[in-house]
Amino acid sequence: MKSKQIHIIETAMSLFAKQGINAVTMDEISIKCEVSKKTIYEYFINKSALIENVVKHLLNEIERYIRVWPSISPNAISEIRYYFQYVEVNVLTISPMFYHDLIQYSSAYSLFLQFTDEKLYAFLMQNIVRGQAENIYRSNTELIIKVHLWFIKKIISDVSFQVEVDRINFFSCSNDAFLRSLLNNNGQKMALKKDVF
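Just so you know, we're using my numbering here: the sequence shown kicks off at 1 and counts up by one.
In structure tokens:
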């Protein structure tokens with residue numbers, strides 16, 4: 001991918017993240033990128049194609065971190081907390097309008113759902129297997145993951161959570177509940193220690 005193309009994608013992402021997709025025009029993107037609309041259309045045939053590339057870029061970034069967390073985490077609790085922090089800092093700072101508007105762009109939205117249902121699910125399952133091997137997670141936790149992923153899809157696109165701090169606090173509380181639902185007695189004791197993370 002060319003640097004100009006990446007610049008357009010990242011600029012569009014920052015605008016979409018703040019205002020939502022539908023509120024941002026191709027004119028605004030070209031002004032912010034300091035390129036002509038013609039240049040944008042050389043790389044992306046329409047706004048839908050740009051949005052699809054923005055979503056791919058976002059998901060590739062998340063996937064990079066998902067691959068690293070297991071190797072830098074001393075245990076499953078630490079690993080899942082890296083995930084929680086990343087979501088709070090990066091995903092929840094994106095306006096709910098972005099996710100709400102994304103539903104209208106079926107190919108981009110399908111990429112998002114596929115990533116959540118396959119790669120994010122696989123990461124969480126791998127974390128659970130690790131936690132069970134470390135004797136800190138309970139068994140029979142697959143339903144808990146499905147509930148957590150359903151919740152993520154709902155919270156990130158809920159436009160009633162316009163205030164970023166409210167969304168982050170709400171998500172933080174739900175993460176705590178999610179982690180507690182995974183932990184067995186050993187895990188609960190370990191989670192209370194300050195040096196686990």
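No residue lacks a Cβ here, since even glycine has one placed at the ideal position from N, Cα and C. These figures come from a predicted structure and were not determined experimentally.
Query, Result
"Simplified DSSP state of Y137, which is helix, strand or coil", "strand"
"Beta-carbon proximity list for T11, same chain, < 6 angstroms, skipping 5 on both sides", "K32, C33"
"Proximity below 8 angstroms, CB of E52 to CB of L120", "no"
"Simplified DSSP state of K18, which is helix, strand or coil", "helix"
"Neighbour-count burial assignment, T25, 16 or more Cβ in a 10 Å radius", "exposed"
"I136 beta carbon less than 8 angstroms from that of A177", "no"
"Cβ pair count under 8 angstroms reaching 3, the segment 54–65 against the segment 129–146", "no"
"Nearest-angstrom Cα separation, counted from N22 out to E42", "21 angstroms"
"Q5 versus I29: straight-line alpha-carbon distance, rounded", "12 angstroms"
"Residues bridged to L183 [DSSP beta-bridge criterion]", "Y137"
"A108 classed as buried or exposed, judged by whether at least 16 other C-beta atoms fall within 10 angstroms", "buried"
"Length of the line joining the Cα atoms of M190 and H148", "22 angstroms"
"For L50 and M125, the rounded distance between their alpha carbons", "32 angstroms"
"Helix, strand or coil at A104 [DSSP, three-state]", "Correcting the residue type first, residue 104 is Gln in the shown sequence and not Ala. Note: Q104 maps to coil in three-state DSSP."
"Under the three-state DSSP convention, the category N75 falls into", "coil"
"Cβ separation of T152 and F170, assumed to be a contact under 8 angstroms, to the nearest whole Å", "According to the sequence shown, residue 152 is Ile rather than Thr. Not really, about 12 angstroms apart at Cβ, beyond 8 angstroms."
"S174 (DSSP reduced to helix, strand or coil)", "helix"
"Straight-line gap, E63 to R81 (C-alpha atoms, nearest Å)", "16 angstroms"
"Neighbourhood of A17 by C-beta distance below 8 angstroms, restricted to the same chain and skipping five residues each side", "T93, I94, S95, F98"
"Reference E79, options R130, H100, V89, closest by Cα", "R130"
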